[in-house]
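Structure, as structure tokens:
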Amino acid sequence: MPEQATSSSRPRVLSGMRPTGKLHLGNYMGALANWVKLQDQYECYFFIADLHALTTDYADTSQIASNSLEVALDFLGAGLDPERSTIFVQSQVTQHYELPLLLGMITPLGWLERVPSYKEMIDNLAHKDLTTYGFLGYPVLMASDILLYQPTFVPVGQDQQAHVELTREIARRFNTFYKLGEQEVLPEPKVLLTPSPKLPGTDGRKMSKSYGNTIQMTDPEPVVRQKLKTMVTDPARIRRTDKGEPDKCPVGDLHKVFSTPETLAKVYDGCRSAGIGCIECKSWAADALVQVLNPIQERRASFTTPQVEEILHAGNAKAAARAEQTMQEVRTAMRLTPGSFTSR
Ligand code: TRP
Ligand code: SF4
């Protein structure tokens, strides 16, 4: 029998994702596929950050719950295993409402205003009024999400790195103000940078829901093939007889991520010599994508909605128990517990 490490003997990781609706291949390659691997080595907490959706979509909350369910299904389809990972929904674990208030007290406004994405997002999403307390406080919410679980590592992509750095600064400030014995109440977590390959969407720009250029994890084979057909290619290769360059082609980028070395070699040779046409090349890319997506879609389809609800229910309870442990330390260190009138 192989030795099974008990969950508590492993370093803990925590990460979350906003419920943007059905996830796409960029979400999969840039986060989920990595989370699935982490399950072998770490005690894992993965959550759906639905309260974060409120920071930008507070005016219309009608889609958040259904989006969260889709994301949960994509988590399970990708291979997150509820036996090995605690999978939960942020809004169902009340400690996520409690710690942000306390950390908000000690977080200087300047730290929040300086977050690189802050002003940028306000400009980019000009159709939404983001001049709210909640939106400015987003990094405090994220710091709380993390610190509640006292994780060693936070697996995120580069776009989230600044937020984890800020989390570390908030934790450090907390620990200098409030002490409880020798051990720090909120240990500073480290970023575990997720390697994310360049993944273009059908228009050649980075795959992103806001560009409408995605291939979704749930896209059936005909849809994948159709999307590939319309995908942009090396702009220098106009006619079938023109030689092309896979390194300048979004389809080439997909091959680099998903195709076997043999197929990739055929793509380089055939494209550079004009020996293959783009239509054929794209059909090979589609083959590779379908191979990745098929088992994910099969696994996804094996879960009923009540089963997903049950998994989340159990995950929420486990997460709440772990978060409450931290909150008790936080309340004690801050002298917010009953009886602290006399223990001062
Ligand atoms: N901010 C992250 C995103 O937009 C989601 C997130 C919320 C998160 N809380 C987190 C990620 C805590 C890691 C840890 O993708
Ligand atoms: Fe791109 Fe393939 Fe066409 Fe070359 S053959 S330009 S790699 S689609």
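All residue numbers for the sequence shown refer to the numbering used here, where the first residue is -4 and numbers rise by one.
A virtual CB, placed ideally from N, CA and C, is assigned to each residue, including glycine.
What you are looking at is a predicted structure, and each value in this text was computed from that prediction instead of being measured.
Contact belief for residue i with residue j at Cβ below 8 Å, rounded distance in angstroms
| i | j | result |
| --- | --- | --- |
| S63 | I43 | 5 Å |
| L49 | G129 | 7 Å |
| I210 | V219 | 6 Å |
| L120 | T51 | 6 Å |
| V246 | A280 | 5 Å |
| S191 | G25 | 4 Å |
| A316 | L175 | With 8 Å as the limit, A316 and L175 do not qualify as a contact, their Cβ atoms being about 19 Å apart. |
| L98 | A138 | 6 Å |
| F148 | V303 | Incorrect: roughly 27 Å between the Cβ atoms, too far for contact. |
| V227 | G199 | 4 Å |
| R294 | L71 | 7 Å |
| R235 | G272 | 5 Å |
| L20 | M202 | 6 Å |
| L136 | H47 | 7 Å |
| V325 | L96 | Contact doesn't hold; Cβ gap of about 11 Å is too wide. |
| Y40 | A314 | 6 Å |
| L187 | P150 | 4 Å |
| K350 | T15 | Absent from the structure is residue 350, since the part of the chain shown begins at -4 and ends at 339. |
Buried/exposed call for residue i, threshold 16 Cβ in 10 Å
| i | result |
| --- | --- |
| Q178 | exposed |
| H29 | Per the sequence shown, the amino acid found at residue 29 is Asn instead of His. With 16 or more other Cβ atoms within 10 Å, it is buried. |
| S10 | buried |
| Q155 | buried |
| G270 | exposed |
| A231 | exposed |
| I291 | buried |
| A73 | buried |
| K277 | buried |
| T255 | exposed |
| D229 | buried |
| N289 | exposed |
| K222 | buried |
| F341 | Because the chain spans -4 through 339 in this model, residue 341 falls outside it and cannot be assessed. |
| R339 | In this prediction, R339 scores a pLDDT of 49, lower than 50, which makes its location untrustworthy; no coordinate-derived value is stated. |
| G334 | exposed |
| D45 | buried |
| Y92 | exposed |
| E126 | The residue asked about is misnamed: residue 126 is Thr in this sequence, not Glu. By the neighbour-count rule (16 or more Cβ atoms within 10 Å), T126 is not buried but exposed. |
| M100 | exposed |
| A260 | exposed |
| I274 | exposed |
| R13 | buried |
| H158 | buried |
| T189 | buried |
| L75 | buried |
| P184 | buried |
| P241 | buried |
| T102 | buried |
| H308 | exposed |
| H122 | exposed |
| A318 | buried |
| Q323 | exposed |
Residue-level contact to chain D via CB, residue i, 8 Å cutoff
| i | result |
| --- | --- |
| H308 | Among the chains in the structure shown there is no chain D, since it carries only a single protein chain. |
Q | the segment 61 to 81 / the segment 25 to 35 touching (three or more Cβ pairs under 8 Å) | A | yes
Q. In chain order, which beta strand (DSSP E) runs of at least 3 residues are fully inside the segment 29 to 86?
A. 38 to 43, 80 to 84
Q: Run through the segment 188 to 251 for me and flag every whole alpha helix (DSSP H) of 4 or more residues, listed as ranges in chain order.
A: 216 to 224
Q.
Measuring CB atoms only, is the segment 155 to 174 touching the segment 190 to 201, in the sense that at least three cross pairs come out at less than 8 Å?
A. no
Q.
Below 8 Å, how does it come out for the segment 85 to 102 and the segment 136 to 145: are there three or more Cβ pairs, yes or no?
A. yes
Q: Would you check if the segment 66 to 77 and the segment 99 to 111 touch, i.e. whether three or more CB-CB distances between them fall below 8 Å?
A: no
Q: Just jot down, in chain order, the residues whose CB lies closer than 6 Å to any heavy atom of the ligand SF4.
A: T228, D229, R232, G239, P241, C244, V246, G247, V262, C266, I271, C273, C276, K277
Q: Entirely within the segment 123 to 187 and at least 4 residues each: give me those alpha helix (DSSP H) ranges in chain order.
A: 128 to 131, 133 to 142, 156 to 172
Q: Counting only runs of 4+ residues fully inside the segment 254 to 323, write out the alpha helix (DSSP H) ranges in chain order.
A: 256 to 267, 273 to 296
Q) Which ranges does the beta strand (DSSP E) cover as unbroken runs of at least 3 residues, wholly within the segment 0 to 26, from first to last along the chain? A) 7 to 12
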